[in-house]
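Contents: one structure, followed by commentary.
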Amino acid sequence: MSRFVRQAHAIVCLHFLLILAGALRASAQEFRGSLLVTVQDSSGGRIPGADVSLTQDKFGITRSAKSNARGEVRFDALQPGTYAISADATGFKGTTAAVVVAISSQPTLGITLAPETIQETVRVHDRGPSLASQPIETTSSTVKTVITSADLDEVPLSARTFANISLLAPFTAPVEPSDPTKARITAVSFGGSSGLNVDLSVDGGDNNDDYIGGFLQNFSPEAMQEFVVRTSQFGADTSRTNGGSIILSTRRGTDDWHGSLSHYYRGQNLNARNALDNPEPNPKQPFSRQNAVAALGGPMKSGKLWFFTSYEYVHENASVAYSAKSLSEFSALARLAAAGDLPNITSIGGVPTSVPVPFRDTLFSSRLDWKQSSRSQWFVRGSFDRNHTRNDLLQQGALPSTGATTTSNYYNILLNNQFQFAPSWLGTLTLEASGFHHTKARNSAIGEALNFPFTVSFLTTSGLETFGDNQFATAIAAFPVHRDQQKYQFRYDVSRASGSHAVRFGANLIHEPVLRGALASSLETVFTYPQDPSFYIANPGVLSTCSSLNPDPNCPAVDTTGPSDGSFSQSIRRLGFYAEDSWRLTPSFTLNAGLRYDTTFGLFTASGRDQSLNPALAGNGVVTGIPHDYRRAFAPRLGIAYAPHASSTTVLRAGLGLYYNDLAQTGWVDAFTAVNDFNLQHGTGPAALIDPRYHTPYALTASAAYEHAFRGDWRLSVTYEHQQGVHQYRRYEFPAFSLFRSDNRSIFNGLALQMQHSFAQRFELTANYVLAHATTWGATVGELFDYVNGVSNVHNAFGPGDHGPSGEDIRHRFVLVGVLQLPWKFEASTISQFESARPFTLSTPADINGDGVANDRAVVNGVQTTLDQFRGAPFYQVDLRVSRNIVFRERFTLRPFAEFFNLFNRRNPGNNFVADISALPTPVNNLSNATAFCLDPACTQTRPITSLSQLRAPAGALGDFFGLGTTVGIPFAAQLGLKFIF
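Residue 1 is where the sequence shown starts when you use my numbering, and the numbers rise one by one after that.
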């Protein structure tokens, strides 16, 4: 690696020398999009040697070139915006047109030159910028959706996060994160996945969480210029994703002063009651939320130096309101404590009717752009996100002692330079430093916790503890109480457009010296009671027998863990190279081909040790050897774009490729903690191993698409995507240890239909429907490219019933996005989502296959259920925004607005149904083979189970434990706001 670092340093030094040598001209560029200009005469014949110029006055950009033998000119590395294109040739009259270029886009602009005797005309080819008015790209094979700052400013965004924005694109869907560490950022499902296999790039820099997966730092929508969601066939320049790719470009300053001030308000009186977690007649949950947002940009030196800054502050006071049932059980628990019937506990303290859950968040981003010369342009951006939550993780049925204080700090600094070596050669340098620090501190630290059934009843989605210390674990996995991630990125890209070829190649090095954290590992004793506190009050003699030789069956189970060391620490480097070419074989046919290579150094090294020191390795009888970094991740990618008769309104796209991405480290964190100093010295680490036959997971992706623009600004696109996932994660539970393997598989097939319409700037509509199916293998949880999939029988890992739909298998999904200009300058906009029910699995605590591990699916009437056999409820949500622009002096706008989320207040449990047959609101007669429901405590009266649908019981809303209610909840909520724009 040291040799590579020296070579990278030499490249950077050469780049800087070339910049200094060429710092005599005046222009600015930023690599974001490309433009292909075709020049022809009135008969359609191409004109070679035409002079074509491109200008963008606000950014100070001027480029010029001559058309090639096909009458074509390509301009790369263009900042998103509207450009003026002028063309002239001997014997022809010059013509000027305008075109919009978006990030990661390749629009084609056709210019027709008339004879000199005809007067010059000016054509405007500006069809944007907006979601419904992007120009058709006839040279790109990538399946993507471009979302502009205008879209972000017009549509209602309930949580103002990436997930809200991304769902505008086909083949995506909202999904709760797999871990509460970043509950406020949420996630985006691509191709039936849980959203952990997605690459997010901000201004060309890496913004990925390398422990959990998915997005890392959040950005305010006010800082975003454009947002591109790519679902298939992205080029070889994109790495570390086998799902989707999101590219975000931040806003920049121009020669015009511009900015905004905004205020958003939500309150208890503007929200409907959550009928799942907070039903009548319980008191309504107190709630208030305010967002204060500011943005300012402009010139520090006109034509030379610009800045842009955004700031957003979130002040939220949420709460958990206890139900009458919870308060009654808390009262009984207090009586047990006072009577001395609880171990080491004499009081549970006061019991409030509701507990405040305050959340504070500050998001800041500032960017400085400098036009050094006509060939060199720089920008530097700094961003941070600081937030904290008190009484975090607190749920209905749990006392305040079980909560925690969560603090998260993110920062990101990025430096970018684009340098034009020659008219057809361009180099782009990206340097980035980012960091993440996260802690969770218990409200209580008494060394024990009490679990009662009413806390984990059918209305509770996560968390187990009624009183005492939070154990920072769910039924699926433990999550860290401490996280640190520091990352430094060097990326260099070179592009050359010459003749019919547009070639790009480059290298990407990520040095991650800090990737560490810790799971809870203090000495803890958990008492799990089979009955609620009220039962023990009614039967006072039960608990007195628990320390005797013949304890009552209703005595609590006792589990003691720790002390140990749950920490893990890694230092990782990721290296990638790529080369690709966009070859215009004919004016109608473009071939896009590329090859990428990625590898990782130190993926399985923790605390400075490899897995050869793992104590569980000796004599395990299953595997020998240790895992090593994978070195054969070569990823070819091929795509075509065909525009019949060089049409600018019709294109056919197709392609296939390989996409590699390492598994998130949290999947095998137990194997990393097993080799830290404390656990090796004291023998206290978990027994967990990683299979030596590790193979980096990859997806084989194929797609085909048809896109056509009709007259009257209607556009239709039809897209098919196929994704075959290979070498995904699975956890094998052997009697003495856990084994992590990369042997899972998955398949996704989807067909998307999208219709868009833009009418005279008064009405815009985007409607897309997706028919899809995603399947994988698992025990009680099935997700694509996730770390939660297990194995029911380690001796038959791909046995009957283990294959089924993924947790995000959405067969039908329809999204409607529209903006309508109303009389009296009112504007209405909507995001409406409708999807069929997602699946879930019904498990049982009984050991069905006798392997000593409770990871089996429920058996009903003698037949074991299968993976994700059950379906939840269809999800319908209509969000509406109504606003009015009040314009002053043509430059200043005041916009009052009202937003309505879940307008029709539909109850949306999603697939958050009771997933454990033992937790159903009406108990069953036998956890090993359920045949009837018990109608009384002794189960002397029963009702037969005649249909599996009888076992479907909606659970509570996810609240803030896993996110802000994207597929579960939210009840109707209104938000009022005011925005001043100049």
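For glycine and all other residues, C-beta sits at the position ideal for the given N, C-alpha and C.
Contacting residues, own chain, Cβ-Cβ under 7 angstroms from residue i (five flanking each side not counted)
i: L368; result: F307, F379, V380
i: I446; result: G468, D469
Per-residue burial, residue i [other beta carbons within 10 Å of its own, 16 or more giving buried]
i: W824; result: exposed
i: T946; result: exposed
i: P400; result: buried
i: R491; result: buried
i: I572; result: buried
i: D179; result: buried
i: S717; result: buried
i: F904; result: exposed
i: L585; result: exposed
i: F31; result: With a pLDDT of 46 at F31, under the threshold of 50, the modelled position of this residue cannot be trusted, and the question is left open.
i: Q418; result: buried
i: L549; result: exposed
i: A77; result: buried
i: I348; result: buried
Run of the beta strand (DSSP E) containing residue i, from where it starts to where it stops
i: E764; result: 763-777
i: Y410; result: 404-422
i: S582; result: 567-584
i: E176; result: Careful: E176 lies outside any beta strand (DSSP E) and carries neither H nor E.
i: Y659; result: 650-660
i: D76; result: 72-78
i: E899; result: 892-901
i: R884; result: 875-884
i: E226; result: 224-232
i: T624; result: That residue, T624, is in no beta strand (DSSP E); it is neither H nor E in DSSP.
Element boundaries [alpha helix (DSSP H), containing residue i]
i: S328; result: 324-338
i: D151; result: 149-154
i: D677; result: 677-682
i: Y536; result: 533-538
i: T673; result: 669-673
Within 9 angstroms, strictly: CB atoms of residue i and residue j
i: F740; j: S806; result: no
i: R251; j: A295; result: yes
i: D532; j: A332; result: yes
i: S569; j: V514; result: yes
i: T1050; j: L523; result: No information on residue 1050 is available, as it lies outside the stretch 1 to 982 that the chain covers here.
i: H388; j: T402; result: no
i: H1062; j: D809; result: In the structure displayed, the chain extends from 1 to 982; residue 1062 sits before or after that span and is not available.
i: R70; j: S588; result: no
i: T865; j: R857; result: yes
i: L354; j: V320; result: The residue asked about is misnamed: residue 354 is Ser in this sequence, not Leu. It is a contact, given that the beta carbons lie within the stated cut-off.
i: R184; j: F421; result: no
i: G81; j: Q56; result: yes
Min CB distance residue i to chain D below 9 angstroms
i: D670; result: Although the question refers to chain D, the structure presented lacks it and comprises just one protein chain.
Cα-Cα separation between residue i and residue j, rounded to whole angstroms
i: G695; j: Y659; result: The question names Gly, yet the displayed sequence has His at residue 695. Their Cα atoms are separated by approximately 13 angstroms.
i: L167; j: T145; result: 10 angstroms
i: T775; j: A699; result: 14 angstroms
i: Y424; j: T238; result: For the sequence presented, residue 424 should be read as Ser rather than Tyr. Distance between the alpha carbons of S424 and T238: 22 angstroms.
i: A635; j: V101; result: 29 angstroms
i: Q290; j: V52; result: 50 angstroms
i: T362; j: G267; result: 20 angstroms
i: L575; j: V39; result: 41 angstroms
i: D153; j: E222; result: 8 angstroms
i: H438; j: P556; result: 34 angstroms
i: E176; j: S547; result: 43 angstroms
i: V228; j: H315; result: 29 angstroms
i: H482; j: S746; result: 32 angstroms
Other residues of its chain near residue i: CB distance less than 8 angstroms, five sequence neighbours each side excluded
i: N925; result: T931, A932, F933, C934, C939, T942
i: S27; result: Bear in mind that a pLDDT of 31 at S27, under 50, signals an unreliable position, so the number given afterwards is only what the model happens to contain. Only G60, I61, T62, R63, K371, S373, S374, R375, Q377 meet the Cβ criterion.
i: F798; result: W777
i: N282; result: A321, Y322, S323, A324
Own chain, CB closer than 6 angstroms to residue i, minus 5 neighbours either side, in chain order
i: T90; result: none
i: L342; result: L336
i: V791; result: R730, Y732, A779, A797
i: S883; result: E827, R895, F897
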